RNA sequence: GCGGGCGUAGCCAAGAGGUUAAGGCAGUGGAUUGUGGUUCCACCACUCGUGGGUUCGAGUCCCAUCGUCCGCCCCA
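Residue numbers (this note's numbering): 52 to 482.
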């Protein structure tokens, strides 16, 4: 048809849906501010090797999902596939560590991964993330998990599952990996083809396979928790104890392996029902080695990212009704009345009211129909008579009652007006 | 990247090779030129995602392509 559509895996978020986005953003902002996290904004693209080094060359994200291109200066640039690498880069580059102590940061924004789109999986998607840098204390792990749980709760997400695992130090992980490969090698021929493939590349993933036979084999595989050194074990025990103290339910999942190389110790995921294969709405963990890996001072850190699309899909499924409220709808007829109405609308807005003005110029009957549909609490009416004596009709759309008052009184008595609006609104929403 | 399902109006859809493409919701106009939510009437797809092909004839069959959905891989 010759019409140019949006790119695959991207989409427009229309006003009706934006309401949900704003709701999530506002809730997150407030909550993160309460928890003393400060917002960080980093560029949407970075040098490609930041991600290669930070996320790990062997990962799928780096290996096959990045939006990478050369710019006009022949630099290799990548649209960020996740937020942590950029946040850590900014932390190092701006020497935030020099401020001493713990840096609590959060971010919100678009991420990009070249994948096959599905519901809850876009090529451009959005994450809210937190990074708590500079503390090895298990309380930091518990804190970030608690914040994620609180956010889900504040948003009215009814049910979720928190899965928890520890990957130990990178040494623990290496020892475990060797043991696992050793074990799985015996059954190499019985594994599903995908898993055979992963044996060298990413053996920990095999534990998570959906293939029945592989699952059977994985059941008897060595457990990572048996390979943690004393410190790792203590850390993990403490995290679990703190979560219990916080009354946050979790289940241990030794198969939980996060896909990015930088994770150490605590790894966790929040899963929701009703999102099909995209159940994971929040994933995170500790990444004690990443800051040094990227050239900064040795700095332990823990964080997570929430997938906003997935979260919002769920909120929409729950039919949580959110509307942008409107105080007044203004109708007018006749040149002079229309001019006065425009001024009146502006004055009402200056008083803090939300006002929509009808621009159709059609009959009052039509304009009222639109007033009704707009969801406004009251309708401001200006016709020729009102224009002549500088009055206005104010009609309360729910009760149908109508009053006449001077235009200047409508503005001067804004406090009474506000109270009446509030009363009408709450009476209506409670009935 | 692999396997499968589906694309008819803004939305939900009927249609299964044969003249003019049901219906509903929404929208617009009117009944009602100063008063909404109900009702009634009218209008609202030269065309079935797009491009080819088969056929006397294609929304319907075939191929390609794009998009979307489901699963895998992977991830938020």
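All C-beta atoms in this analysis are idealised placements derived from N, C-alpha and C, irrespective of residue type, glycine included.
Computed from a prediction, not measured in an experiment: that's the story for all the values here.
Check                                                                                                        : Outcome
Contact belief for residue 335 with residue 352 at Cβ below 8 angstroms, rounded distance in angstroms       : Between residue 352 and residue 335 the Cβ distance is about 11 angstroms, and since that is not below 8 angstroms, they are no contact.
Opposing strand residues paired with residue 471 [DSSP bridges]                                              : Paired residue(s): none; residue 471 is not in a bridge.
Residue interval of the alpha helix (DSSP H) (run including residue 425)                                     : 415 to 425
Backbone CA spacing between residue 140 and residue 247 [nearest angstrom]                                   : 36 angstroms
Contact between the stretch 126 to 143 and the stretch 101 to 109 (3+ Cβ pairs under 8 angstroms)            : yes
Counted within 10 angstroms of its Cβ, other Cβ atoms place residue 57 as buried (16 or more) or exposed     : exposed
Through-space distance from residue 138 to residue 85, alpha-carbon basis                                    : 21 angstroms
Local conformation of residue 191 per DSSP, three classes                                                    : helix
Distance CB(residue 109)-CB(residue 274) smaller than 9 angstroms                                            : no
Contained beta strand (DSSP E) runs [length at least 3] in the stretch 204 to 264, N- to C-terminal order    : 212 to 217
Environment of residue 52 [buried if 16+ CB atoms lie within 10 Å]                                           : The predicted model places residue 52 with a pLDDT of 41, which falls under 50 and marks its position as unreliable, so this point remains unresolved.
Nearest-angstrom Cα separation, counted from residue 154 out to residue 93                                   : 15 angstroms
Beta-carbon spacing of residue 329, residue 169 below 9 angstroms                                            : yes
Straight-line Cα distance separating residue 479 from residue 165                                            : 47 angstroms
Cβ-Cβ distance between residue 408 and residue 393 below 9 angstroms                                         : yes
Beta carbon of residue 219 nearer than 9 angstroms to that of residue 280                                    : yes
From 73, 365, 343, residue whose alpha carbon lies closest to that of residue 331                            : 365
Beta-carbon spacing of residue 306, residue 241 below 9 angstroms                                            : no
Residue range of the beta strand (DSSP E) that includes residue 283                                          : Not the beta strand (DSSP E): residue 283 falls in the alpha helix (DSSP H), residues 281 to 296.
Counterpart residues of residue 127 in DSSP-defined beta bridges                                             : 121
Contact check, residue 308 vs residue 380, beta carbons under 9 angstroms                                    : no
Where residue 404 falls, given that 16 or more other Cβ within 10 Å makes a residue buried                   : buried
Three-state class that DSSP yields for residue 318 in the structure shown                                    : strand
Per-residue burial, residue 263 [other beta carbons within 10 Å of its own, 16 or more giving buried]        : exposed
Reduced DSSP secondary structure (H/G/I, E/B, other) of residue 431                                          : strand
Residue closest to residue 151, alpha-carbon to alpha-carbon, out of 184, 312, 402                           : 184
8 angstroms contact criterion, which residue 82 and residue 202 should meet: CB distance rounded             : 6 angstroms
Range covered by the alpha helix (DSSP H) that runs through residue 458                                      : 458 to 463
Stretch pair the stretch 335 to 345 + the stretch 420 to 439: three plus CB contacts closer than 8 angstroms : no
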